[in-house]
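Chemist:
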Amino acid sequence: MPPPHAYRCEVVAEGLAGNRREIPLTTYRAATPRLAARWARSTARRYARLLSPGPAEPYLGGAPVTEAGPGCPRPDDDLRAWSDSDERYDDTMRTLAGGHPFQLVVTDYDARYTLCVYPLPVRRPAPSPVPAESARSYAGAGRHRKPRRRLLALCEVS
C-alpha cells in the first residue's frame, strides 16, 4: 500500500531589503519520508558549500574570496551542523512520517534561505466496479495469445 503522503521539497531565498520577494531555488517531489529527509540533508550540504566556497572552487573562476569576520552571520555553518547531525536527520524523518511539515531557516546579511519539506495528500484512484462476467479469467486470456484466424471460413468461400 502506498504511503498516504507525497512530499514537496523546496529551497526558497527571500531578500531582506526592499520588496522581500521569494525566489524558488530548487524543488523536488519525494515519494517517502526517507527520500524527502535524504534530499533535505544533501541539499543543505550543497547550499552550505555554495554559501561558503573555498578559494580553489572551479566555478569561482579566479574571483577574489575574502574571509568573513567573527561577527558576521554564517548560514553555511548552520546548514552543515544540521546536515551532519544524525539525530536531526532522524527527527526530520519522524516528523515527516507523522504527516507534519519540516522547515529549516538560515539568514545571511541580505537574504533568508528556507529549506521546506511538507506533505501533500495523495489521491488514490477509486476502485472501479468489475463486471461479473470479466471477474473470472479463462485459459488463454492475456497478451501472449494471438487471435485465431478464421482460415476455415476463407477456404470454404473459394
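Under this note's numbering, the first residue of the sequence shown carries the number 23, and numbering increases by one thereafter.
Idealized CB from N, CA, C, for every residue including glycine.
(1) In chain order, which beta strand (DSSP E) runs of at least 3 residues are fully inside the region 108-155?
(2) Quick check: the region 26-43 against the region 119-139, are at least 3 beta-carbon pairs closer than 8 Å?
(3) Please state whether the Cβ-Cβ distance between Ser107 and Arg67 is less than 8 Å.
(4) I'd like the list of long-range same chain contacts for Arg56, defined as Cβ closer than 7 Å, with 5 residues on each side in sequence excluded.
(5) For a test of the three-state rule: what should DSSP assign to Pro92, helix, strand or coil?
(6) Which two residues bound the contiguous beta strand (DSSP E) that contains Leu5?
(7) Excluding the 5 residues flanking Ile45 on each side, which residues of the same chain have their C-beta closer than 6 Å to its C-beta?
(8) Leaving aside the five residues before and after Thr65 along the sequence, list all residues of the same chain whose C-beta is less than 7 Å from its C-beta, in chain order.
(9) Looking at the unbroken alpha helix (DSSP H) that takes in Tyr69, where does it start and where does it end?
(10) From the DSSP output, in three-state form, read off Ala28 for me.
(11) In whole angstroms, give me the CA-to-CA distance for Ala103 and Ala28.
Modeler: Reading it off the structure:
(1) DSSP runs (the beta strand (DSSP E)) wholly in the region 108-155: 124-129 and 133-143.
(2) At 8 Å Cβ cutoff, the stretches touch.
(3) Contact annotation: Ser107 and Arg67 have beta-carbon atoms that are not nearer than 8 Å.
(4) Here Arg56 has Met115 as same chain residues with Cβ atoms under 7 Å from its own Cβ, once five neighbours each way along the sequence are excluded.
(5) Reduced to three states, the DSSP call for Pro92 is coil.
(6) With the chain covering only 23 through 180, there is no way to say anything about residue 5.
(7) Within the same chain, and ignoring the five residues on either side of Ile45 in sequence, the residues whose Cβ sits closer than 6 Å to its Cβ are Ala35.
(8) Result list for Thr65: Val33, Thr48 and Leu137, in chain order.
(9) For Tyr69, the enclosing alpha helix (DSSP H) covers residues Pro55 to Leu73.
(10) For Ala28, the three-state secondary structure derived from DSSP is strand.
(11) Those two C-alpha atoms are separated by around 27 Å.
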